[in-house]
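Residue numbers (my numbering): 93 to 226.
Down below is the structure, laid out as structure tokens.
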């Protein structure tokens, strides 16, 4: 299975958000347990760094990123993706960019996010973490 991971899934783990931590962590455990491939965009990584560096020091933030990059495939955001997002039916620009990144992945099975409502016009299936953990 190939899934694109939104920033909130990574932040659930890094910030140890009590109500979301276990399901989000299990997504990453499925890399080995179920042979999943997980993707995210380069700007998700920088956004996560910005958010986490407010809570912990910068060096620890960079260590977290380095650890996660071992398990993630990174989709670079292109100029065309940014342009496509400006005319997307997905109204939130940041989420439209993430959709464009996910759409560029051959054989993508879905987007995993806790923010499904912003992806209601996605032509790619969108799942909350608990919906793919069975």
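C-beta atoms are modelled at their ideal positions from N, C-alpha and C, and glycine is treated no differently.
Remember, it's a predicted structure, so these values are computed and weren't measured experimentally.
Comparing C-alpha positions only, which one of the options sits nearest to residue i?
i	options	result
residue 167	131, 199, 121 and 208	131
residue 161	145, 120, 184 and 192	120
residue 192	104, 135 and 206	135
residue 223	205, 216 and 164	205
residue 195	133, 146 and 153	133
residue 141	201, 99, 211 and 212	99
Assuming residue i is part of the alpha helix (DSSP H), what are its boundary residues?
i	result
residue 191	185-195
residue 101	99-106
residue 221	221-224
Indicate whether residue i and residue j have their beta-carbon atoms separated by less than 8 Å.
i	j	result
residue 203	residue 94	no
residue 137	residue 106	no
residue 182	residue 214	yes
residue 189	residue 174	yes
residue 96	residue 104	no
residue 220	residue 208	yes
residue 216	residue 163	no
residue 218	residue 226	no
Tell me the DSSP bridge mates of residue i?
i	result
residue 94	129
residue 203	96 and 218
Spell out whether any CB of chain D is found under 8 Å from the CB atom of residue i.
i	result
residue 113	As a matter of chain content, chain D is missing from the structure shown, which is built from one protein chain.
Minimum length 3: unbroken beta strand (DSSP E) runs contained in the region 109-182: 129-133 and 164-167
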